[in-house]
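Going line by line, the protein sequences match chains C and G.
Here the first sequence is numbered in my numbering, starting from 1 and rising by one per residue.
Here the second sequence is numbered in my numbering, starting from 352 and rising by one per residue.
Protein chains: 2
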Amino acid sequence: MDLDVFGSSVGEWLKGDGPESDIVISSRVRLARNLSGHNFLARAQQDELESIEASVGRYLREKDGRFKRLYFRMQELSEMERYILVERHLISREHSRAEPGRAIASTDDERLSVMINEEDHLRVQMLRSGLRLEEAWREADGFDNRLSEHFGYAFSPKYGYLTACPTNVGTGMRVSVMLHLPALVMTREIDKLFRAISKINLAVRGLYGEGTQAYGDLYQISNQASLGKSETRIFENLESVVASVIAYERKARERILSADKIKTHDRLWRAFGMLKTVHLLSSEEMMHLLSAVRLGASTGVLPTVDARTINELFLFTQPAHLQKNTGRSLNTQERDTQRARVIRDRLAAFN
Amino acid sequence: MDLDVFGSSVGEWLKGDGPESDIVISSRVRLARNLSGHNFLARAQQDELESIEASVGRYLREKDGRFKRLYFRMQELSEMERYILVERHLISREHSRAEPGRAIASTDDERLSVMINEEDHLRVQMLRSGLRLEEAWREADGFDNRLSEHFGYAFSPKYGYLTACPTNVGTGMRVSVMLHLPALVMTREIDKLFRAISKINLAVRGLYGEGTQAYGDLYQISNQASLGKSETRIFENLESVVASVIAYERKARERILSADKIKTHDRLWRAFGMLKTVHLLSSEEMMHLLSAVRLGASTGVLPTVDARTINELFLFTQPAHLQKNTGRSLNTQERDTQRARVIRDRLAAFN
Numbered sequence: 001m002d003l004d005v006f007g008s009s010v011g012e013w014l015k016g017d018g019p020e021s022d023i024v025i026s027s028r029v030r031l032a033r034n035l036s037g038h039n040f041l042a043r044a045q046q047d048e049l050e051s052i053e054a055s056v057g058r059y060l061r062e063k064d065g066r067f068k069r070l071y072f073r074m075q076e077l078s079e080m081e082r083y084i085l086v087e088r089h090l091i092s093r094e095h096s097r098a099e100p101g102r103a104i105a106s107t108d109d110e111r112l113s114v115m116i117n118e119e120d121h122l123r124v125q126m127l128r129s130g131l132r133l134e135e136a137w138r139e140a141d142g143f144d145n146r147l148s149e150h151f152g153y154a155f156s157p158k159y160g161y162l163t164a165c166p167t168n169v170g171t172g173m174r175v176s177v178m179l180h181l182p183a184l185v186m187t188r189e190i191d192k193l194f195r196a197i198s199k200i201n202l203a204v205r206g207l208y209g210e211g212t213q214a215y216g217d218l219y220q221i222s223n224q225a226s227l228g229k230s231e232t233r234i235f236e237n238l239e240s241v242v243a244s245v246i247a248y249e250r251k252a253r254e255r256i257l258s259a260d261k262i263k264t265h266d267r268l269w270r271a272f273g274m275l276k277t278v279h280l281l282s283s284e285e286m287m288h289l290l291s292a293v294r295l296g297a298s299t300g301v302l303p304t305v306d307a308r309t310i311n312e313l314f315l316f317t318q319p320a321h322l323q324k325n326t327g328r329s330l331n332t333q334e335r336d337t338q339r340a341r342v343i344r345d346r347l348a349a350f351n
Numbered sequence: 352m353d354l355d356v357f358g359s360s361v362g363e364w365l366k367g368d369g370p371e372s373d374i375v376i377s378s379r380v381r382l383a384r385n386l387s388g389h390n391f392l393a394r395a396q397q398d399e400l401e402s403i404e405a406s407v408g409r410y411l412r413e414k415d416g417r418f419k420r421l422y423f424r425m426q427e428l429s430e431m432e433r434y435i436l437v438e439r440h441l442i443s444r445e446h447s448r449a450e451p452g453r454a455i456a457s458t459d460d461e462r463l464s465v466m467i468n469e470e471d472h473l474r475v476q477m478l479r480s481g482l483r484l485e486e487a488w489r490e491a492d493g494f495d496n497r498l499s500e501h502f503g504y505a506f507s508p509k510y511g512y513l514t515a516c517p518t519n520v521g522t523g524m525r526v527s528v529m530l531h532l533p534a535l536v537m538t539r540e541i542d543k544l545f546r547a548i549s550k551i552n553l554a555v556r557g558l559y560g561e562g563t564q565a566y567g568d569l570y571q572i573s574n575q576a577s578l579g580k581s582e583t584r585i586f587e588n589l590e591s592v593v594a595s596v597i598a599y600e601r602k603a604r605e606r607i608l609s610a611d612k613i614k615t616h617d618r619l620w621r622a623f624g625m626l627k628t629v630h631l632l633s634s635e636e637m638m639h640l641l642s643a644v645r646l647g648a649s650t651g652v653l654p655t656v657d658a659r660t661i662n663e664l665f666l667f668t669q670p671a672h673l674q675k676n677t678g679r680s681l682n683t684q685e686r687d688t689q690r691a692r693v694i695r696d697r698l699a700a701f702n
């Protein structure tokens with residue numbers, strides 16, 4: 001098991017750089033694929049799942065080579081280790097069940113990863129920091145083509161890629177962008193904006209996908225429909241919406257930093273001051289305070305802090321990461337104490 | 352006018368040292384005296400008041416000599432300057448009216464001061480840091496004897512010292528102790544305690560005397576009755592009550608620092624973190640936060656901060672001091688901004 005690396009590093013997507021990275025945390029392209037000549041997951045027996053895992057695993061680790069180090073079978077991981085993968089956005093919650101045949105392969109920088117036997121045989125994910133949808137798509141597409149040549153995909157000339165769930169049929173693609181929108185939350189414009197977005201067939205979710213709340217003012221916008229649209233149309237649609245959300249957020253930031261300058265400075269600096277001194281910190285309050293500090297870092301109000309540090313703290317303070325770094329399981333108060341310590345220690349260098 | 356000195360120094364009583372200074376801010380002895388052969392204030396004409404002021408002033412500045420530098424006639428001060436004297440506890444609010452004959456004399460360390468023509472001809476005040484009632488009394492008494500020899504006091508063998516208000520007749524003495532009781536406030540024991548105290552003829556007030564609220568968990572306990580009791584009885588009574596209040600506060604501090612250790616550390620450290628970073632701070636919130644930081648300093652939870660710094664901040668952030676140090680009058684938001692700046696700048700040195 002080479003999960004040790006996860007204790008102190010973050011994936012490329014949390015680096016805090018890339019275009020528009022003051023607002024856009026990351027861009028993600030996900031492809032749902034199934035191998036031809038194999039039963040889909042709902043009908044496959046255990047040995048078939050295991051043989052798919054074995055052959056895809058062999059290809060990724062040996063032929064491709066970039067997945068040598070980070071290749072894990074769910075069954076072989078502890079619960080905490082599987083949660084770490086969830087927190088790193090490498091696997092879904094569903095995939096974290098320790099069932100035979102389930103595996104995850106990732107490049108060392110966690111930019112490109114493949115879930116094996118999640119809902120489909122393959123879920124290819126490309127995750128990049130900043131707003132880089134097309135770049136992410138080109139990279140994912142190249143990799144996908146090579147996989148396709150090697151394995152052969154279940155594909156219908158009429159419908160496109162065939163997938164376990166009909167919502168994924170067609171391109172099999174889901175594209176999403178993770179945005180940090182604290183100013184729109186402060187000015188209370190966020191709900192209106194998202195009502196408008198959901199009318200045009202895009203989905204808005206919190207940090208950890210469907211059904212999770214948007215703690216920390218982090219919102220994920222993604223396409224809903226996959227069928228009957230070209231990849232290009234999907235991109236264009238998402239990109240234009242994201243561009244206007246970014247513009248709205250920028251305007252809201254300007255407004256709170258001019259009209260309410262002192263109040264905003266007060267709020268962002270206090271959040272920073274508290275995070276530097278907390279001894280007990282719930283996950284919810286932390287997300288709230290980190291969001292304010294990230295806004296301070298992005299707007300120059302907190303000149304010494306950088307977005308990367310804050311992005312890393314979002315990750316290292318998640319429960320499984322906290323427990324991994326403490327070396328044991330923690331109850332709620334212990335987690336709140338440890339979370340406070342991690343943040344305090346990390347921010348001690350900044351003034 | 353030599354009020355400039357007040358911009359950067361504090362009186363001896365705010366030094367934060369002396370016995371029990373983790374809990375006792377200061378001890379105060381006040382004597383109400385009237386000169387024989389003169390009308391009391393209610394009946395005195397303006398020229399009589401001015402002649403009293405002139406002769407007492409001459410004595411203090413020339414004969415005694417310690418009052419050369421800090422001698423002010425209310426009429427000659429601006430409103431802001433008079434408020435500064437109130438904030439420094441050198442004069443009462445009543446005395447701050449710019450009326451002829453009203454004056455204040457103080458030693459350079461503000462330990463000993465005399466209000467001339469406040470409610471009585473003379474109000475002698477001895478103010479010391481920490482719990483030093485008897486020491487303060489001895490000093491005040493020596494000074495008072497010399498004044499008495501020089502001027503002659505209105506005195507009745509039956510009633511004692513005669514004063515404008517019957518509540519002061521007798522010893523003419525009021526003794527009070529300023530206590531910082533944050534732990535008793537946190538554990539909600541304070542009300543019960545003070546109900547008990549008020550039954551035994553002691554008064555409990557906030558930082559700025561009668562009718563002011565106990566912001567910052569600062570409480571002043573003083574004797575009520577002056578008639579029919581010896582000075583010694585008054586001291587013994589107050590001292591024994593103060594001793595038990597101190598013991599209760601110590602126990603409460605121990606309790607919140609053992610049973611609720613992490614919560615208490617969290618609370619005190621956060622208050623410190625916020626004060627180091629605030630940009631907008633109301634007087635009320637400041638008192639609340641400074642109280643927590645003072646508790647942290649006194650109990651070793653905040654090892655780098657000292658009580659003196661906090662005591663000084665209680666003073667330098669009062670409205671008139673803020674305005675004096677800014678050099679102009681300030682509206683509420685400007686005061687809140689300036690107050691935040693003074694505290695941030697002062698605490699920047701502590702980590």
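Virtual Cβ for every residue (Gly too), placed ideally from N, Cα, C.
*Could you tell me the distance, in whole angstroms, from the CA atom of C:Gly327 to the CA atom of C:Glu231?*
44 Å
*Which residues in chain C sit within 7 Å of G:Ile613, going by Cβ to Cβ distance?*
His279, Leu280, Thr337
_When C:Gly57, C:Leu179, C:Ala271, C:Gly300 are compared against C:Arg69, the one with the closest alpha-carbon_ = C:Gly57
*Helix, strand or coil at G:Gln684 according to DSSP, with G and I counted as helix*: helix
_Between which residues of its own chain and G:Val693 is the CB-CB distance below 8 Å, once the five residues before and five after are set aside?_
Leu664, Phe667, Thr668, Leu673, Asn676
*Return yes when the Cβ of C:Phe6 is within less than 8 Å of the Cβ of C:Arg88, no when it is not.*
yes
*asked:* Assuming C:Thr171 and C:Ile221 are in contact, meaning their beta carbons sit under 8 Å apart, how far apart are those beta carbons, in whole angstroms?
replied: Actually they are not in contact, since the Cβ atoms of C:Thr171 and C:Ile221 sit about 17 Å apart, beyond 8 Å.
*In its own chain, which residues sit with a C-beta less than 7 Å from the C-beta of G:Ile435, not counting the 5 before and 5 after it?*
Leu354, Phe357, Ala671, His672, Lys675
*Skipping 5 residues on each side, what residues in its chain have a beta carbon closer than 8 Å to that of C:Tyr59?*
Leu147, His150, Phe151
*asked:* For a test of your reading of the model: does the CB of C:Gly160 fall under 7 Å from any non-hydrogen atom of the ligand ATP? Yes or no.
replied: Ligands are entirely absent from the displayed structure, and the ligand ATP is therefore not among its contents.
*Of all the CB atoms in chain C, is at least one closer than 8 Å to the CB of G:Trp620?*
yes
*Residues of chain G with CB under 7 Å from C:His265, in chain order?*
His630
*Exposure label - G:Gly388; buried when at least 16 CB within 10 Å*: exposed
_Is G:Phe623 close to chain C? Criterion is C-beta to C-beta, closer than 8 Å._
yes
*Which residues in chain G sit within 7 Å of C:Lys63, going by Cβ to Cβ distance?*
Near C:Lys63 there are no residues of chain G at all, since even the closest Cβ is about 52 Å away, more than 7 Å.
*Look at the alpha carbon of C:Ala307 and the alpha carbon of C:Ser244, and state the distance between them as a whole number of angstroms.*
22 Å
*asked:* Helix, strand or coil, according to DSSP, for C:Ser9 in the structure here?
replied: coil
*asked:* Taking the beta strand (DSSP E) that G:Phe423 belongs to, which residues open and close that run?
replied: 421 to 424
*Quick one: does G:Lys627 have its CB under 8 Å from some CB of chain C?*
yes
*Along the chain, which unbroken stretches of the beta strand (DSSP E) at least 3 residues long are found entirely within the stretch 581 to 628 of chain G?*
none
_To the nearest angstrom, how far is the alpha carbon of G:Ser377 from that of G:Ala449?_
28 Å
_Beta-carbon contacts of C:Leu14 that lie in its chain and below 8 Å, excluding the five residues immediately before and after_ = Ile25, Ser26, Ser129, Arg308, Asn311, Glu312, Phe314, Leu315
_Assigned exposure category for G:Asn574 - 16 Cβ within 10 Å defines buried_ = buried
*Quick one: what does DSSP say C:Ser51 is sitting in, helix, strand or coil?*
helix
*With DSSP collapsed to three states, give me the class of G:Phe391.*
coil
*Is C:Ile190 helix, strand or coil when you go by DSSP?*
helix
*Assign C:Lys199 to one of two classes, buried (16 or more other C-beta atoms within 10 Å of its C-beta) or exposed (fewer than that).*
exposed
_I need the boundaries of the alpha helix (DSSP H) containing G:Ala643, first residue and last residue._
634 to 650
_Sequence-distant residues of its chain with Cβ nearer than 6 Å to C:Asn237 (five each side left out)_ = none
*Rank C:Arg174, C:Leu131, C:Leu49 by C-alpha distance to the C-alpha of C:Leu227 and give the top, closest one.*
C:Arg174
*asked:* I need the DSSP call for G:Ala433, collapsed to helix, strand or coil.
replied: The amino acid at residue 433 of chain G is misidentified as Ala; the sequence shows Arg. Correct three-state label for G:Arg433: helix.
*Would you report the Cα separation of C:Glu357 and C:Glu284, rounded to the nearest angstrom?*
Chain C is shown from 1 up to 351; residue 357 of chain C falls before or after that span and cannot be answered.
*asked:* I'd like the span of the beta strand (DSSP E) that includes G:Arg525, first residue to last.
replied: 524 to 531
_Taking the alpha helix (DSSP H) that C:Arg97 belongs to, which residues open and close that run?_
Per DSSP, C:Arg97 belongs to no alpha helix (DSSP H) and is neither H nor E.
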